[in-house]
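Heads up: the structure comes next, in structure tokens.
Protein chains: 2
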Amino acid sequence: MAERKRPGHLARAVTKQAERKERGDLYAPLCPSRGVLEHVTSRWGVLVLVVLLQGTRRFSELRREVAGVSEKMLAQTLQALEQDGFVLREVYPVIPPRVDYSLTPLGREVAGHVEVLTDWIEENLSRVLEARKRHVPKRGTEE
Amino acid sequence: MAERKRPGHLARAVTKQAERKERGDLYAPLCPSRGVLEHVTSRWGVLVLVVLLQGTRRFSELRREVAGVSEKMLAQTLQALEQDGFVLREVYPVIPPRVDYSLTPLGREVAGHVEVLTDWIEENLSRVLEARKRHVPKRGTEE
DNA sequence: CAGAATCCGATTTGATACTG
DNA sequence: CAGTATCAAATCGGATTCTG
Numbered sequence: 001m002a003e004r005k006r007p008g009h010l011a012r013a014v015t016k017q018a019e020r021k022e023r024g025d026l027y028a029p030l031c032p033s034r035g036v037l038e039h040v041t042s043r044w045g046v047l048v049l050v051v052l053l054q055g056t057r058r059f060s061e062l063r064r065e066v067a068g069v070s071e072k073m074l075a076q077t078l079q080a081l082e083q084d085g086f087v088l089r090e091v092y093p094v095i096p097p098r099v100d101y102s103l104t105p106l107g108r109e110v111a112g113h114v115e116v117l118t119d120w121i122e123e124n125l126s127r128v129l130e131a132r133k134r135h136v137p138k139r140g141t142e143e
Numbered sequence: 001m002a003e004r005k006r007p008g009h010l011a012r013a014v015t016k017q018a019e020r021k022e023r024g025d026l027y028a029p030l031c032p033s034r035g036v037l038e039h040v041t042s043r044w045g046v047l048v049l050v051v052l053l054q055g056t057r058r059f060s061e062l063r064r065e066v067a068g069v070s071e072k073m074l075a076q077t078l079q080a081l082e083q084d085g086f087v088l089r090e091v092y093p094v095i096p097p098r099v100d101y102s103l104t105p106l107g108r109e110v111a112g113h114v115e116v117l118t119d120w121i122e123e124n125l126s127r128v129l130e131a132r133k134r135h136v137p138k139r140g141t142e143e
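Structural data, given as structure tokens:
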């Protein structure tokens, strides 16, 4: 073992020029996969995805469930996720306006992985908090 | 079904006042779990965790492997992850200085989940890119 | 080598209106 | 209701300089 360097596509010999559909490489600064990752792991993107995993939601409902998000950020987040094909936006021409947001099949896949992560964090928060206490801010005045 | 609202601890009746070690609630704006989530899902945090999953790394190695990160951001990211107990920092008092970074058991757990996510994104990049093409920027001039 | 500290412009974010 | 537009505040983030 001395070849496997990159985590993602390690030991995969993708070098066969543009072979398949094209896989991303997060370790290439210019790869668009970085952008996708950022949409998915963005502050509000994560929470929106996981909430939508529970079912369809309206804008105002998301606003309430994802506590703390501003209208602007929520709209912006939803647009990014919609553009990437994770979220479906359905507008009903009624008065008052009604817009439903839901996950696409693609979205359900990522959201599933994201949820595992968020669940882990919620579940293990105490362990992290313990670690923080244990952690010395600087290096102690003495050892 | 009409009770399950919150994704994370849904249908769990945590309401028994401060029962166990305390679980986080990402849907509570003030819960520290939000901070942990942000460290883990931060721009560079994600990449650092996945790289460290491959094994111990020195500062300069991380700098190279996580292409695009600046010294400042890398240091900052590592500090956050170290504080949360995900990363272990070992200093060797030699000249020139040597510092090794590795994952703690706790870190290996999160990093594992994070890797599943990043792998999915790399793997499915083409699907997302397709969705983006398909996506109409505004609402077309006509339908 | 491994950072800490500083300067400072580029983004991001968030209230607060305003619109269809 | 579901956003968009706007403006100021807060952060981010990188290049540079300086130690141990």
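Chains as they are written, first to last, in the UniProt record's numbering: chain Y, 1 to 143; chain R, 1 to 143. Ideal placement from N, C-alpha and C gives every residue a C-beta, glycine not left out.
Have a look at the DSSP bridge pairing and note the partners of Arg58/Y.
DSSP lists Asp100/Y as partners of Arg58/Y.
Please name the residues in the region 113-142 of chain Y whose beta-carbon is closer than 8 Å to at least one beta-carbon of chain R, in chain order.
Residues His113, Val114, Glu115, Val116, Leu117, Thr118, Asp119, Trp120, Ile121, Glu122, Glu123, Asn124, Leu125, Ser126, Arg127, Val128, Leu129, Glu130, Ala131, Arg132, Arg134, His135.
Are Leu49/Y and Val36/Y touching if we call contact CB-CB under 8 Å?
Not in contact: Leu49/Y and Val36/Y (Cβ atoms no closer than 8 Å).
Just the Cα atoms here: how many angstroms apart are Leu78/Y and Asp119/R?
So the two alpha carbons sit approximately 23 Å from each other.
Label Leu107/Y either buried or exposed according to how many other C-beta atoms from any shown protein chain fall within 10 Å of its C-beta, with 16 as the threshold for buried.
Here residue 107/Y turns out to be Gly, not Leu, going by the sequence shown. Label assigned to Gly107/Y: buried.
Would Pro29/Y pass as an interface residue toward chain R - the criterion being a Cβ-Cβ separation below 8 Å?
So yes, Pro29/Y belongs to the interface.
Taking the beta carbon of Glu3/R as the centre, do at least 16 other beta carbons fall within 10 Å, making it buried, or is it exposed?
Residue confidence for Glu3/R is low, a pLDDT of 48 falling below 50, so the modelled location carries little weight; the figure read from the coordinates is stated next. Answer is exposed; the Cβ neighbour count stays below 16.
Following the continuous alpha helix (DSSP H) through Arg34/R, name the residue where it begins and the one where it ends.
Start and end: 33-41.
Flag Ala67/Y as yes if its beta-carbon sits less than 8 Å from any beta-carbon of chain R, otherwise no.
So yes, Ala67/Y belongs to the interface.
So is Arg108/Y in contact with chain R if we call contact Cβ pairs under 8 Å?
Closer than 8 Å: no.
Which residues in chain Y sit within 9 Å of Glu22/R, going by Cβ to Cβ distance?
Correct list: Leu125, Ser126, Leu129.
Evaluate the contact criterion for the region 53-62 of chain Y versus the region 98-107 of chain Y: three or more CB pairs, one atom per stretch, below 8 Å.
Because the criterion of three Cβ pairs below 8 Å is met, the region 53-62 of chain Y and the region 98-107 of chain Y touch.
Using three-state DSSP, classify Glu90/R as helix, strand or coil.
DSSP places Glu90/R in strand when its eight states are reduced to three.
Using a cut-off of 9 Å between C-beta atoms, extract the partners of Arg43/R located in chain Y.
Ordered by position in chain Y, the residues that pass the 9 Å Cβ test against Arg43/R are Arg34, Leu37, Glu38, Thr41.
Please classify Ser126/R: does DSSP put it in a helix, a strand, or coil?
It is helical.
Give the secondary structure of Arg22/R by DSSP, where H, G and I count as helix, E and B as strand, and everything else as coil.
It is Glu, not Arg, that sits at residue 22/R in the sequence shown. Glu22/R falls in the coil class under three-state DSSP.
For Asp100/Y, would you say it is in contact with chain R, using Cβ-to-Cβ distances shorter than 8 Å as the test?
Taking Cβ atoms only, chain R never reaches closer than 8 Å to Asp100/Y, which makes this a no.
Chain R partners of Gln83/Y, CB-CB under 8 Å?
Within 8 Å Cβ-Cβ: Ala131, Arg132, His135.
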